[in-house]
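With the sequence shown counted from 1, adding 32 to any position gets you our numbering.
Let me begin by presenting the structure, written as structure tokens, before commenting on it.
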Amino acid sequence: MKPSRHPYLDHATPIAFAHRGGAADGVENTAAAFRRAAAVGYRYFETDVHTTADGRLVAFHDPTLD
């Protein structure tokens, strides 16, 4: 049986993702980082999203601040 593929991932060439918006040009996981990545042509972003104790969503790599 052939494994199923999602059309999102079905590309003839590799897909470039802006990892956390890109830390080389500024603070990663910020709106500014994602705007910069989009401005230079990235269409896809990879980030981590966590929920705070009060139910807010934050883009942050680690599960805690410590």
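Positions of the beta carbon are idealized from the N, C-alpha and C atoms, including for glycine.
In this structure, the straight-line span from the alpha carbon of A44 to that of R75 is close to 16 angstroms. When secondary structure is reduced to three states using DSSP, F49 falls in the strand class. Of the residues T84, D42, I47, the one whose Cα lies closest to the Cα of F77 is I47. Contact check between the region 51-69 and the region 79-94: three or more CB pairs, one atom from each, fall below 8 angstroms, which counts as touching.
Taking 7 angstroms as the cut-off, the beta carbon of D57 is found no closer than this to the beta carbon of R67.
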